[in-house]
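Taking it in order: structure first as structure tokens, then the write-up.
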Amino acid sequence: MRKEDDKAKIELDIFRRFAEQIGLSVLPGSIAKGDANAHEPDILYLTTAGEQRACELMEACNPEFAELRTSGRKHPSVTHFAWGASSVAKTVRKKTGRRYSVRFPIDLLVCTDGNTAELGDLVKGQIEVGLSRGRGQFVQVWLWAGEICEIGTAT
Numbered sequence: 001m002r003k004e005d006d007k008a009k010i011e012l013d014i015f016r017r018f019a020e021q022i023g024l025s026v027l028p029g030s031i032a033k034g035d036a037n038a039h040e041p042d043i044l045y046l047t048t049a050g051e052q053r054a055c056e057l058m059e060a061c062n063p064e065f066a067e068l069r070t071s072g073r074k075h076p077s078v079t080h081f082a083w084g085a086s087s088v089a090k091t092v093r094k095k096t097g098r099r100y101s102v103r104f105p106i107d108l109l110v111c112t113d114g115n116t117a118e119l120g121d122l123v124k125g126q127i128e129v130g131l132s133r134g135r136g137q138f139v140q141v142w143l144w145a146g147e148i149c150e151i152g153t154a155t
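Per the numbering used here, the very first residue in the sequence shown carries number 1; after that it's consecutive.
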């Protein structure tokens, strides 16, 4: 349970920082963690206009890098190297194929958090490949790789 609590805190913090950086009009105190068991997106919130919205988070991280990051925290004096293929497009396709239980707008926020060897433009390209079969329920797709990049809004 501790791991899920930690994950929830991290996701809420990421969304709050993202919302602040782009100037998203979020009603103070309305940001909440969605219930994965009820097929809700990661983050639920209200805009200052009273509109319900949601955000699904995705870390653009090669699995090998995530494993080394964990290992590096456990053994900081050891040098670690990893080489791995990008899984961003595959993960985006998986996210767009999900059916969420909410009936209000959902955005997808892809974060790099420094855990990928790819540059932002390469990650953006992989996201676009992942979206080539459709956006699913996502209205807006964002990439946060140091700076914010809106990949597009559904028409």
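Beta carbons: idealized from backbone N, C-alpha and C, even for Gly.
For K124, which residues from the same chain have a beta carbon less than 7 Å from its beta carbon, with the 5 sequence-adjacent residues on both sides left out? L143, C149 and I151
I need the DSSP call for T112, collapsed to helix, strand or coil. coil
Distance check for P28 and C61, CA to CA, integer angstroms please. 30 Å
Whether or not the region 128-139 and the region 8-24 are in contact is what I'm after, with contact meaning three or more pairs of Cβ atoms, one per stretch, closer than 8 Å; do they touch? no
Do you know whose CA, among R103, S101, F18 and L109, lies nearest T91's CA? L109
Inspect the beta-carbon positions of I106 and E56 and report whether they are closer than 8 Å. yes
Same chain only: Cβ atoms within 8 Å of K33, ignoring 5 sequence neighbours per side: A8, E11, L12, D42, I43 and L44
Which of the three DSSP states is assigned to T96 in this structure? helix
Is it buried or exposed for T48, if we count other Cβ within 10 angstroms and need 16 for buried? exposed
Return yes when at least one heavy atom of the ligand ATP lies under 7 Å from the C-beta of C149, else no. As presented, the structure is devoid of all ligands, the ligand ATP included, so that no description of it is given.
Starting from F138 and walking both ways along the beta strand (DSSP E), at which residues does that stretch end? Here the beta strand (DSSP E) through F138 covers F138 to A145.
Excluding five sequence neighbours on each side, which residues of the same chain lie with their C-beta closer than 8 Å to the C-beta of A38? S101
Going by DSSP, which residues form a beta bridge with L57? L109
Length of the line joining the Cα atoms of G97 and F18: 24 Å
Give me whichever residues DSSP pairs with L44 in a beta bridge. A32 and A54
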